[in-house]
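Okay, structure first, notes after.
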């Protein structure tokens, strides 16, 4: 797919600058995103000069310069809500292109990071939580939102527009023709938000709650939310409520995520039995298997477990230990999903039954609850099927 | 590529049954093998009936039955040197096809595993270390070789032929037209043996030494080594010596393996500088990078580090911790390579310099030696380049 670069008018004097990135296979060098991702920057034209809010990833700098062109001559301010280079990566090229040394606004940490990332001499002004800056007919107001998703992060509220520019917060993966989230069905869009939020911000879920509470308590009227990824929200309540539910871990679907690894297929009959029993009980299943032919996307596993009612983890032992990829996935889930979701472990072992305790060690300190563990040597017996049924019956 | 199934005469009354497996993307559901793998079974025709040594992976059972056909009518013995299902996976189908209930020979653990893996009722006879069994004009002699690569493992020596059937031991990845290792250049074949051995048996390197010493001390004349994967050895000394060197960790090339992860390219200039400095000093480099577009094969990383003189690990921090994939790779190296190889760590951090101690914790208890750690925020300075030069100069 071609990458698309657009500049679209959102309101009087306000433009969305958006690139559709089909090149990134692994967002943050970690998350598989065949669905791609968009980076949104914003331009506000004021009587006193132009304001650029955030930017794009470095490889698209030149295209951003092309789209901005004349606007850069009169660039007065660059707001850096968040220094992660998917947003700040174009700043060096922009500063080199404009000779007028615009003021760069951000938190103290944003300033430090910009300098260390790009070794640039910038005209930086640190802004404080709640600070207001007037530029032409607009008032820019900044609120720090630490850990969403870095400690450097803030949002920018434009008082006269009642628009809030939130960078990573309320973002999503995916490439869309639409500009606004209300142009597509929420249920279709929701998986893209969930996947982005759980993978990128998952470890800081408690800060979602804190920061949303903080913003709500400001009592600001918000007419539009304009994030750094994904679509724009003309009905901010919808995304705020949804996002809050990810934060307080209350999103739950009638869905069971089944993850398993199988070196030679010995565990497969037990997993198939489990899957069928779950589906007979009216739950959807998502199955991720790690075999000699398939390796699932960790990004999808994280996203699907985030709103699951139950996790089944099928593990074949490896060298008398938990299978290495299962260890990796479990640590990722511990960091990114960490939620009061029950887990049933199903283990096929060769030399000895060691998995239960070792998995307990990996997820120690998380909110996950191992409710049962069914272990058998090689392939399962009828008796093991009964144990699986009993374990599931307690939960479904 | 088509999978090939061959039955080739190796000596009077002895046949190689070989399948070339192009279907397996991840051997053991772990190791990326675009080069494929071969499974070797062997048939000995004796005056008292046929002997089958090992077998193939389950998906190829039918093809194995086709190749064996008439031979199965008179199948007297199946030897299971090692129960891993890439060799034993065809046993159930073979037993169902032959009605004559052949004797299955293996160690006690092999018997237990066969029953639990395949839920089969077999005519199993446990053999002891050093035990001899006569069948027709041949004497089969068994020697246990525990942990090469499972605790169940043994080798079979046929006294009259002076041939040793070693299953996983002396095996390799790769698909070849040749039957014998001496038909191709050793230097070209060596990477396939190294990759197989380091990934599959790497964790049990000390057992390589123990078991080879044991076999050497038997004082047997060995005319040919016939492994379960890869090519056959008419010059056994060559592979025994090479294998021993992997075991006692004395294979070293004038080679430096550079592994790094880079979320946004900030660490790249430091890595490039390091690479060029190393090459200027006459060392080859192997570079594995984990970026938004590339993810290296862990199997190749393990193989290349196994005989490296130095490892450079470039790590960008992630959530104030070691980048998750770097953690995974480092634990895999700790388990599979674990060797007195010096490591230099190069770190680009954002929020804080935490990597050195955390990497030390991951590789704690291994033989790796962290000789230096160069940490910088964002991109490196000229001063950091000097530090890199100094660290390298001590080692190259």
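Protein chains in written order, with UniProt numbering: chain G, 1 to 396; chain B, 1 to 396.
Positions of the beta carbon are idealized from the N, C-alpha and C atoms, including for glycine.
Item: Backbone secondary structure at residue 81/G - three-state DSSP; Value: coil
Item: C-alpha gap between residue 117/G and residue 83/G, whole angstroms; Value: 9 Å
Item: Straight-line gap, residue 179/G to residue 232/G (C-alpha atoms, nearest Å); Value: 6 Å
Item: Listed by chain order, chain G residues near residue 332/B by CB distance under 9 Å; Value: 324
Item: Test: residue 264/B CB closer than 7 Å to a CB of chain G; Value: yes
Item: CA-to-CA distance, residue 244/G to residue 172/G, given in whole angstroms; Value: 15 Å
Item: 7 Å Cβ cutoff, residue 368/B in contact with chain G; Value: no
Item: Residue interval of the alpha helix (DSSP H) (run including residue 57/B); Value: Unbroken run through residue 57/B: none, as it is neither H nor E.
Item: N- and C-terminal bounds of the beta strand (DSSP E) containing residue 263/G; Value: Taken as a continuous stretch (DSSP letters only), residue 263/G belongs to no beta strand (DSSP E), as it is neither H nor E.
Item: Separation of residue 350/G from residue 262/G, as counted between CA atoms; Value: 12 Å
Item: Cβ-based neighbour list, residue 35/B, same chain, cut-off 6 Å, excluding 5 preceding and 5 following; Value: 173 and 174
Item: Which listed residue (7/G, 48/G and 348/G) has its alpha carbon closest to that of residue 136/G; Value: 48/G
Item: C-beta neighbour in chain G for residue 261/B, strict 7 Å; Value: yes
Item: Cβ of residue 419/G within 7 Å of any chain B Cβ; Value: Because chain G in this structure spans residues 1 to 396, residue 419/G falls outside the shown range and cannot be described.
Item: Whole runs of the alpha helix (DSSP H) within the stretch 334 to 363 of chain G, excluding any shorter than 4 residues; Value: 355 to 362
Item: Span separating the alpha-carbon of residue 389/B from that of residue 301/B; Value: 24 Å
Item: First and last residue of the uninterrupted beta strand (DSSP E) at residue 271/B; Value: No beta strand (DSSP E) contains residue 271/B, which is instead part of the alpha helix (DSSP H) from 268 to 280.
Item: Residues near residue 291/G by beta carbon distance below 7 Å, same chain, minus five either side; Value: 262
Item: Validate contact between the stretch 199 to 214 of chain B and the stretch 256 to 271 of chain B using beta carbons, cut 8 Å, 3 pairs; Value: no
Item: Residue of 23/G, 71/G, 74/G and 31/G minimising C-alpha distance to residue 57/G; Value: 23/G
Item: Exposure of residue 109/B, with buried meaning 16 or more beta-carbon neighbours within 10 Å; Value: buried
Item: Exposure of residue 107/B, with buried meaning 16 or more beta-carbon neighbours within 10 Å; Value: buried
Item: Buried or exposed (CB count within 10 angstroms, at least 16 for buried), residue 8/B; Value: exposed
Item: Collapsed DSSP secondary structure at residue 144/B in the structure displayed; Value: strand
Item: Interface residues of the stretch 121 to 153 of chain B facing chain G [CB-CB below 7 Å]; Value: 151
Item: Residue 343/G and residue 368/G closer than 7 Å at C-beta; Value: yes
Item: Best match in 53/B, 240/B and 326/B for proximity to residue 213/B [C-alpha to C-alpha]; Value: 240/B
Item: CA nearest to the CA of residue 39/G, picked from 196/G, 158/G and 385/G; Value: 196/G
Item: Same chain only: Cβ atoms within 8 Å of residue 331/B, ignoring 5 sequence neighbours per side; Value: 362
Item: Residues that residue 11/B bridges to, as DSSP identifies them; Value: 14/B
Item: Amino acids of chain G, ordered along the chain, whose beta-carbon sits closer than 9 Å to that of residue 89/B; Value: 264 and 265
Item: Boundaries (first-last residue) of the alpha helix (DSSP H) holding residue 175/G; Value: No alpha helix (DSSP H) contains residue 175/G, which DSSP labels as neither H nor E.
Item: Alpha carbon of residue 164/B to alpha carbon of residue 225/B, nearest angstrom; Value: 5 Å
Item: Rounded C-alpha distance that separates residue 149/G from residue 247/G; Value: 13 Å
Item: Where the alpha helix (DSSP H) through residue 242/B begins and ends; Value: 236 to 247
Item: Min CB distance residue 2/G to chain B below 7 Å; Value: no
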